[in-house]
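*Asks:*
In full-length UniProt numbering, the protein residues as written are 1 to 666.
#1: Tell me whether the region 81-101 and the region 185-196 touch, counting them as touching only if at least three CB pairs, one residue from each stretch, are closer than 8 angstroms.
#2: Less than 7 angstroms between C-beta atoms, sequence neighbours within five positions excluded: which residues of the same chain meet that for residue 72?
#3: Cβ of residue 70 within 8 angstroms of Cβ of residue 143?
#4: Rounding to the nearest angstrom, what Cα-Cα distance links residue 136 and residue 211 in this structure?
#5: Pick out whichever of 498, 549, 145, 268 has its Cα sitting closest to the Cα of residue 238.
#6: If we ignore side chains and look at the alpha-carbon of each, how far apart do residue 565 and residue 489 end up?
#7: Find out if the Cβ-Cβ distance for the pair residue 458, residue 636 is shorter than 8 angstroms.
#8: Looking at the structure shown, is residue 661 part of a helix, part of a strand, or coil, going by DSSP?
#9: So for residue 210, helix, strand or coil by DSSP?
#10: Does the count of Cβ pairs from the region 582-599 and the region 463-474 closer than 8 angstroms reach three?
#11: How about residue 605 and residue 533: do their beta carbons lie closer than 8 angstroms?
#12: Apart from the five residues just before and just after residue 454, which ones in its own chain have a Cβ nearer than 8 angstroms to its Cβ?
#13: Provide the residue span of the alpha helix (DSSP H) that contains residue 137, from first to last.
#14: Can you tell me which of 205, 204, 551, 133 puts its alpha carbon nearest to the alpha carbon of residue 192?
#15: Determine the contact status of residue 546 and residue 492, defining contact as a CB-CB distance below 8 angstroms.
#16: In chain order, what residues of the same chain have a beta carbon less than 8 angstroms from the beta carbon of residue 443, not counting five sequence neighbours either side?
#17: Going straight from the alpha carbon of residue 22 to that of residue 250, what length do you get?
#18: Does the beta-carbon distance from residue 543 to residue 599 come in below 8 angstroms?
#19: Anyone know if the C-beta pair for residue 102 and residue 185 falls short of 8 angstroms?
#20: So, using beta-carbon positions, are residue 114 and residue 106 closer together than 8 angstroms?
#21: Pick from 246, 26, 275: whose alpha carbon is nearest that of residue 230?
#22: Would you list the residues sitting across from residue 75 in a DSSP beta bridge?
#23: Measure the beta-carbon distance from residue 243 to residue 262 and round it to whole angstroms, keeping in mind my assumption that it falls under 8 angstroms.
#24: On a Cα-Cα basis, can you pick out the residue from 150, 537, 131 that is closest to residue 608?
#25: Going by C-alpha to C-alpha distance, which of 235, 92, 80 sits closest to residue 153?
#26: From the DSSP output, in three-state form, read off residue 465 for me.
#27: Looking only at its chain, what residues have a beta carbon closer than 7 angstroms to the beta carbon of residue 88, apart from the 5 residues adjacent to it on each side?
#28: Tell me the rounded alpha-carbon separation between residue 601 and residue 65.
#29: Relative to the alpha-carbon of residue 148, which residue among 475, 469, 86 has its alpha-carbon at the smallest distance?
#30: Measuring straight from C-alpha to C-alpha, what distance separates residue 247 and residue 578?
#31: Under a three-way DSSP split, which group does residue 435 fall into?
#32: In terms of alpha-carbon separation, which member of 528, 515, 472, 539 lies closest to residue 503?
#33: Specify the secondary structure class of residue 677 as computed by DSSP and reduced to three states.
#34: DSSP three-state call for residue 611: helix, strand or coil?
#35: Taking DSSP as the reference, what is the three-state secondary structure of residue 113?
#36: Just the C-alpha distance for residue 553 and residue 563, rounded to the nearest angstrom, thanks.
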């Protein structure tokens, strides 16, 4: 062993180290690792140790039965309830055998020497034993009947067949009938022992019957949505999974490009789910006005980001607006009506067709070129000759190319390359609007209409929750700013709305929107019931959101407002750049808490006849084919709500950590 100069050997063989140079020793084994963690956190004192052991016992008593019921003993196979009924009947048979007492059955309440209370007790015990004695036979008969029906349908579980072959319950049932008729308790108890393998099998199939959820999963997910159109809500849900992450995670790859899809997703989802032409009715005017308003942004706001890119849309926008206002109707989307000419029937024509008379004036197709130039080409409901359509398309394409060239001349090569995805998005969005604007062609309906009265289950819950959450936050911010405004009218209106909505329960708001609101509308004017419910939910949540945001605004130090004013910023820039980012960061837990409460409050939609997820569970419990399996449906609904609410809470924690600047008040 080579020692350094500072190490001095001693006579006893040990080594002396000068102060401060002794090597570090490992920590004691009981202070590190899993043992150290347990001692520090769970068994640091006698009180903590007792509390830990008591908690473990309670968890064992509560969790183990739940796991056995939901997982270990659960039934997940089969198209209907027959396997579940077999398991429950076999379990009931075992419970009846366990509750039977031969001693109680042999009691004689009239025996001499019994007091009145003893006689009454003996009478009750003997009556219960007699009832169990007879009930075991009837329960075995019910099991055999259900087994026969299940066997006939070919649904007998593989684990039950060897048990039936071993026990032979048909023969035991006949023997038990004779024993009961003769009141032979000893023979009956012998038969009970032979039935034990059957009752043991039943206890393994006595858990949750998830078959009820499996067989009605479509109803739980989309309600009564047309079964041949289920691809539409599925596609809308997949689109939601693509549209939401870019809004929540700033570091997501391709986020800027996906934001375009997120902006267009509401229109896509609406058209997919309803199939209603977007430009039919009053919505036609709204869409056209939005398109024109977007086209004016580059001119009204010279400093808008990506102004040169928006100029391309400004060129396309008038064409889209004209199509929305005038071209979208119930006519055919695309078709060709050939041109015809008037002619007199000649001898040759009359000889070829006996239904024609010579000299008769008839209509006949013109020549090929004449048909092309004079025929009506129906595109988006506008009948124009193909020649005119070619001229219009060529003019529009020439103008678009000119705008693109002008934009390319003023931009660098890199900017021009980045502009190409925008051109593709604009073209796709224009095609979507044109296609969605009118879905009727001369052959039939492209996408059948599905009314909101058929929506239900998770579909209705998600739509109401997402719409309520998306609308309540911006409306709540505006209401909070209005309540703190110095303008008396704005402040009074904001306070009146907030206090009026918060002063009534959500049930009242939904009832008013569903029943009372149509009474105040002009005759012939009505809104969809589901749309009215969405408006009521959004307005109700926005009132609570306004108070949450107002709390954040009041938590901002006064110096922040003064500093913002000292910079010479306008009111809206103060709020957008300085005040609101700090206020919203402070109240992130309150905002998400309101979102979670709103999502759970969607279960109240069933009061106005909307078949939400909870109402589907209730309808399942009232179904004659599934009576008695209410635990499974409610547990399933609870797990669905818990998964969404827990996800929102975890995102709240993630967002708090991401925006934490280290200046929180302790």
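Think of the CB as a built atom: it goes at the ideal place given N, C-alpha and C, for glycine as much as any other residue.
*Replies:* A quick look at the data gives this:
#1: yes
#2: Residue numbering aside, residue 72 sits at position 72 when the chain shown is read from its first letter. So the qualifying residues of the chain are 207.
#3: One-based indexing of the chain shown puts residue 70 at position 70. One-based indexing of the chain shown puts residue 143 at position 143. Contact: no.
#4: Translated into the one-based positions of the chain shown, residue 136 becomes position 136. Translated into the one-based positions of the chain shown, residue 211 becomes position 211. Distance between the alpha carbons of residue 136 and residue 211 is about 27 angstroms.
#5: Residue 238 sits at position 238 when you count from the first residue of the chain shown. Nearest C-alpha to residue 238: 268.
#6: Numbered from 1 along the chain shown, position 565 holds the residue referred to as residue 565. Numbered from 1 along the chain shown, position 489 holds the residue referred to as residue 489. If I take the Cα positions, the gap works out to 23 angstroms.
#7: Counting from 1 along the chain shown, the entry for residue 458 is found at position 458. Counting from 1 along the chain shown, the entry for residue 636 is found at position 636. Cβ distance not < 8 angstroms, so residue 458 and residue 636 don't count as in contact.
#8: Taking the first residue of the chain shown as position 1, residue 661 is located at position 661. The answer is coil: DSSP assigns residue 661 none of H, G, I, E or B.
#9: The residue labelled residue 210 in the question sits at position 210 within the chain shown. Residue state, collapsed to three classes: coil.
#10: yes
#11: As a working note, residue 605 is residue 605 in the chain shown. As a working note, residue 533 is residue 533 in the chain shown. Yes. Within cutoff.
#12: Sequence index remark: in the chain shown, residue 454 carries index 454 (1-based). Closer than 8 angstroms at Cβ, skipping near neighbours: 223, 224, 225, 226.
#13: What you label residue 137 is simply residue 137 of the chain shown in a count that begins at 1. Per DSSP, residue 137 belongs to the alpha helix (DSSP H) from 116-152.
#14: Your numbering for residue 192 matches position 192 in the chain shown. Residue 133 is the option with its Cα nearest to residue 192.
#15: For this step, residue 546 is matched to residue 546 along the chain shown. For this step, residue 492 is matched to residue 492 along the chain shown. Their beta carbons are not under 8 angstroms apart, which means residue 546 does not touch residue 492 by this criterion.
#16: Along the chain shown, one-based indexing puts residue 443 at 443. Only weak support exists for where residue 443 lies, its pLDDT of 36 falling under 50; the value from the coordinates is given anyway. Counting only Cβ-Cβ distances below 8 angstroms, and skipping sequence neighbours, we find nothing.
#17: Here the question's residue 22 lines up with position 22 in the chain shown. Here the question's residue 250 lines up with position 250 in the chain shown. Using only the alpha carbons, I get a separation of about 51 angstroms.
#18: As a position in the chain shown, residue 543 is number 543, starting the count at 1. As a position in the chain shown, residue 599 is number 599, starting the count at 1. Not closer than 8 angstroms, so no.
#19: In the chain shown, counting from the first residue as 1, residue 102 sits at position 102. In the chain shown, counting from the first residue as 1, residue 185 sits at position 185. A contact, by the Cβ cut-off of 8 angstroms.
#20: For this step, residue 114 is matched to residue 114 along the chain shown. For this step, residue 106 is matched to residue 106 along the chain shown. Against a cut-off of 8 angstroms, the Cβ pair of residue 106 and residue 114 comes out as no contact.
#21: Start at 1 with the first residue of the chain shown, and residue 230 comes out as number 230. Checking every option, the nearest Cα to that of residue 230 belongs to 275.
#22: In the chain shown, the residue the question calls residue 75 occupies position 75. In the DSSP output, where bridge partners are listed per residue, residue 75 has 209.
#23: What you label residue 243 is simply residue 243 of the chain shown in a count that begins at 1. What you label residue 262 is simply residue 262 of the chain shown in a count that begins at 1. Right, their Cβ atoms sit about 4 angstroms apart.
#24: If you number the chain shown from 1, residue 608 lands on position 608. For residue 608, the nearest C-alpha among the options comes from 537.
#25: In the chain shown, the residue the question calls residue 153 occupies position 153. Comparing Cα positions, the closest option is 80.
#26: Position 465 of the chain shown, counted from the start, is the residue given in the question as residue 465. Of the three classes helix, strand and coil, the one that applies to residue 465 here is helix, per DSSP.
#27: Taking the first residue of the chain shown as position 1, residue 88 is located at position 88. If we look at residue 88 and ignore the five residues flanking it on each side, its Cβ neighbours are 206.
#28: The residue given as residue 601 occupies position 601 in the chain shown. The residue given as residue 65 occupies position 65 in the chain shown. Those two C-alpha atoms are separated by around 30 angstroms.
#29: Working through the chain shown from its first residue, we reach residue 148 at position 148. Of 475, 469, 86, the residue nearest in Cα terms is 86.
#30: Your numbering for residue 247 matches position 247 in the chain shown. Your numbering for residue 578 matches position 578 in the chain shown. Whole-angstrom Cα-Cα distance: 21 angstroms.
#31: The residue you call residue 435 lines up with position 435 of the chain shown. Residue placement at residue 435 is poorly supported in this model, since its pLDDT is 44, which falls under 50; the coordinates still yield a value, given next. If DSSP states are grouped into helix, strand and coil, residue 435 belongs with the helices.
#32: As a position in the chain shown, residue 503 is number 503, starting the count at 1. Among 528, 515, 472, 539, the Cα nearest to that of residue 503 is on 539.
#33: Not covered by the structure: residue 677. The range shown for the chain is 1 to 666.
#34: In the chain shown, residue 611 corresponds to position 611, counting from 1. Three-state result, residue 611: strand.
#35: In the chain shown, the residue the question calls residue 113 occupies position 113. In this structure, residue 113 counts as coil in the three-state DSSP scheme.
#36: Here the question's residue 553 lines up with position 553 in the chain shown. Here the question's residue 563 lines up with position 563 in the chain shown. If I take the Cα positions, the gap works out to 15 angstroms.
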